[in-house]
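Numbering-wise, numbering that gives the first Met the number 0 puts 24 at position 25 of the sequence shown, and it's gapless, one number per residue.
Every residue gets a Cβ at the ideal spot worked out from N, C-alpha and C, and that includes glycine.
Heads up: the structure comes next, in structure tokens.
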Amino acid sequence: MIREDRELLAELGRLNSDVVPLAMRIMDESVMVTAQEQCAFAERLIAMGRRLQARTARSGLVVEGEVEGCPKGPPAIGRRKP
């Protein structure tokens, strides 16, 4: 695994760790979540999406399969179809 992939995975882990507390705060009507906080998180998600797209364009690897309930078995990593 190259350094760039490790950094990508680390940032995915941070995003994953941060999304649940943010979502809980948004759902809790007694807590004020500012538009600025929501926009900042959205920018992180967008940046991660762009990094994942760039990695896919370079490597040709994409994650394929069903996510919810994995009805066809676990997701598989494969080459992008031409």
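- Beta-carbon to beta-carbon, methionine 47 and leucine 11 are separated by about 7 angstroms, close enough to satisfy the 8 angstroms threshold.
- One thing to note: arginine 54 has its Cβ no nearer than 8 angstroms to the Cβ of leucine 8.
- Within the same chain, and ignoring the five residues on either side of leucine 44 in sequence, the residues whose Cβ sits closer than 8 angstroms to its Cβ are Leu14.
- A direct Cα-Cα distance of roughly 14 angstroms separates aspartate 17 from cysteine 38.
- With respect to the 8 angstroms criterion, isoleucine 25 and valine 32 are classified as neighbours on the basis of their beta carbons.
- Judged by DSSP in its simplified three-state form, methionine 31 adopts coil rather than helix or strand.
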